[in-house]
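Just so we're aligned: 75 in our numbering is position 80 of the sequence shown, and the numbers increase by one with no gaps anywhere.
Just so it is clear, CB atoms sit at the ideal spot from N, CA and C, and this is done for glycine as well.
What you are looking at is a predicted structure, and each value in this text was computed from that prediction instead of being measured.
Read through the structure below, which is laid out as structure tokens, and then see the notes.
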Amino acid sequence: MWTVKVVGVSVLAVSVTVELLNWLRRRYKKRKPLNEVLFFPSEVACVEHLLSPSAPCYCALPHGVDTSFSRLLRHVLSASSSLDLCVFAFSNTDLCRAVLSLRKRGVVIRVLSDKDYIAINGSQIGPLRKAGICVRSDGGAVYMHHKFALVDGSLLISGSLNWTLTAVQANMENLIVTMEPELVRPFVQEFNRLWELSDPARTLSNGVQTELERTAGHD
Ligand SMILES: [Zn+2]
């Protein structure tokens, strides 16, 4: 009788230990950092399920298709605290809707764009500014030619892709999406540096203008 009880308790102890170990392994298992490459032009498909999840869409485009653009949108929409965007041209209305929906969710958004492109017809910078999003552009003589975004300061989206419809649907472009800290960190630093240099209160200074012209890239 005692032997049966001891065996029973031992079996119970072993199964509890195994369950506990499995729980600990799941809890503390290191998540693999996200690394992804996206190529464009993207297949054209409906993205309303990402932008307006509660409203059914009956448009003629294919639905439920995973494309480079839908993946880009998902990454942008994954922001929970901040989005820092540094992009030469921003005229894509779907990406604008994504940024505006982040704004509604309380995500802090900073946008750096090229001063000449901001004024071009179709630029979405106007709607962003109207929504209260802070947009800055440098006052230097060179192009602000970057195309990168930082999601929550920990996910980098960078490549040749401007945030335009032509770039998404017609051009051959690439994007690297990564959470590698060694790659993300310099972009965070560079964004903050450019953000400070593009402060309207500072761009009046000749010294700042000179530094921008000396350090910024040109195509
Ligand atoms: Zn649709």
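Kindly indicate which residue of 178, 47, 171 and 131 has the alpha-carbon position closest to the one of residue 196. Residue 196 has its Cα closest to that of 131, out of 178, 47, 171 and 131.
Can you list, in chain order, every residue whose CB sits closer than 5 Å to a heavy atom of ligand 3? Of the ligands this structure carries, namely ligand 1, none is ligand 3.
Where residue 106 and residue 29 are concerned, what is the direct C-alpha to C-alpha distance, given to the nearest angstrom? Computed Cα separation, rounded: 24 Å.
Cβ neighbours of residue 64 in the same chain (closer than 6 Å, five flanking residues each side left out): For residue 64, same chain residues with a beta-carbon under 6 Å away, outside a window of 5 residues either side, are 37 and 163 in chain order.
Which residue wins for smallest C-alpha separation from residue 176, given the options 58, 118, 147 and 41? Just measuring C-alpha positions, the residue of 58, 118, 147 and 41 sitting nearest residue 176 is 147.
Using three-state DSSP, classify residue 213 as helix, strand or coil. Annotation note: pLDDT 42 at residue 213 (below 50); position unreliable, coordinate value reported separately. Correct three-state label for residue 213: coil.
Starting from residue 187 and walking both ways along the alpha helix (DSSP H), at which residues does that stretch end? Unbroken alpha helix (DSSP H) run through residue 187: 176 to 192.
Confirm, please, whether the CB-CB distance from residue 85 to residue 120 is below 8 Å. With respect to the 8 Å criterion, residue 120 and residue 85 are classified as neighbours on the basis of their beta carbons.
Spatial neighbours of residue 90 within its chain, please: CB distance less than 6 Å, with the 5 preceding and 5 following residues excluded, ordered by chain position. The answer, listed in chain order, is 158.
If you count every other CB in all the chains shown that lies within 10 Å of the CB of residue 139, and 16 or more means buried, which is it? Residue 139 comes out buried.
CA-to-CA distance, residue 27 to residue 112, given in whole angstroms: Separation of residue 112 and residue 27 (C-alpha to C-alpha, rounded to the nearest whole angstrom) is 38 Å.
Let me check one thing: in DSSP terms, what residues is residue 144 bridge-paired to? According to DSSP, which records beta bridges pairwise, residue 144 is partnered with 80 and 152.
Within 8 Å, strictly: CB atoms of residue 70 and residue 189: No.
For my contact list, residue 126 and residue 95 are in at a C-beta cut-off of 8 Å; report their separation, rounded to the angstrom. About 6 Å; that satisfies the 8 Å criterion.
What's the gap between the Cα of residue 33 and the Cα of residue 171? Near 6 Å, if we compare the C-alpha coordinates of residue 171 and residue 33.
Integer Cβ distance of residue 110 from residue 133, believed to fall under 8 Å: In this structure, residue 110 and residue 133 form a Cβ contact; the two beta carbons are roughly 7 Å apart against a cut-off of 8 Å.
When you compare each of 116, 123 and 117 to residue 97 by their alpha carbons, which one comes out closest? When each option's Cα is compared against that of residue 97, the closest is 123.
Ends of the beta strand (DSSP E) at residue 34? Element bounds for residue 34: 30 to 35.
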